[in-house]
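For reference, the structure is listed below as structure tokens.
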Amino acid sequence: MPDDLERHYFLHWFVIYNGNIIQTAKALQIHRNTIQGHFLKMGYSKKSVRLRHTWQKLNEKSKNLSFEKKFYQFYNQFSKKPRFSPEENAGMVGLWQAKFPFKTLIPQYFLWAVRAGKSKDWVQKELGYSYRHRARLMNPILKPKTRDGFWLAPMKPQVKEVYSARYRTILSRKKR
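When the letters of the sequence shown are read in order and numbered with our numbering, they come out as residues 1434 to 1609.
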């Protein structure tokens, strides 16, 4: 998954809870050290107080702006290379506020890669997942009762997007 997506996700929840890592962790139902680990990976480990104060000042100064616009300014300020447009930012903020689970981002990104025509080699190189690992992560999106299946159901994932032609043939033989 692109680092920018992870950065956007955690910065969003960080500012939603006004820069309080403990409250953010509780809301996301993860341990605070997990968030600290993500912040360390993103280069924010010693900047959380500065991040909090910057957000609070920006939030106070820009009361007339929507949350999406304020957050986009904040995100741009603390991202080395922001890759998201204001429209993409607004869409992602909407996803996060709908409580879209972080762990579902990987299967969603795989589905995007398949639909964008990215090759198996590209997926392996860019995302660091083997074909087998990708199939294991993608399998639940076909089952609407799973977390990933529930969240990605509106995208209507198809069996041909999840499994290779060879594996679909094997599955069809098993059903007989």
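Backbone N, C-alpha and C define an ideal beta-carbon position, used for all residues, glycine too.
Just so it is clear, the structure is predicted and the values come from calculations on it, not from any experiment.
| field | Euclidean distance between Cα positions of W1584 and T1537 | value | 8 Å
| query | Got a sec, what are the start and stop residues for the alpha helix (DSSP H) A1458 sits in? | reply | 1454-1461
| task | With distances taken Cα to Cα, identify the nearest neighbour of W1545 among Q1530, A1531, K1532, R1567. | result | R1567
| So K1480 packs on N1492, CB below 8 Å; how close in whole Å? | Between N1492 and K1480 the Cβ distance is about 17 Å, and since that is not below 8 Å, they are no contact.
| query | In its own chain, which residues sit with a C-beta less than 7 Å from the C-beta of N1572, not counting the 5 before and 5 after it? | reply | V1595
| Got a sec? Which residues, its chain only, sit under 8 Å from V1526 by beta carbon, not counting five neighbours each side? | H1445, F1500, E1501, F1504
| What do you reckon, are the CB atoms on G1452 and R1485 nearer than 9 Å? | yes
| said: Give me the residue from G1470, K1532, F1511 with the minimum Cα distance to A1460. | reply: K1532
| message | P1590 and L1575 - do their beta-carbons sit closer together than 9 Å? | response | yes
| query | According to the Cβ coordinates, are F1472 and F1507 closer than 9 Å? | reply | no
| query | L1438 to Q1469, Cα distance in whole Å? | reply | 17 Å
| field | W1555 classed as buried or exposed, judged by whether at least 16 other C-beta atoms fall within 10 angstroms | value | exposed
| said: Check for me: the alpha helix (DSSP H) holding R1516 runs from which residue to which? | reply: No alpha helix (DSSP H) holds R1516; DSSP gives it neither H nor E.
| message | Please report the straight-line C-alpha distance between T1487 and S1605, rounded to a whole angstrom. | response | 56 Å
| message | Measuring straight from C-alpha to C-alpha, what distance separates K1490 and S1518? | response | 23 Å
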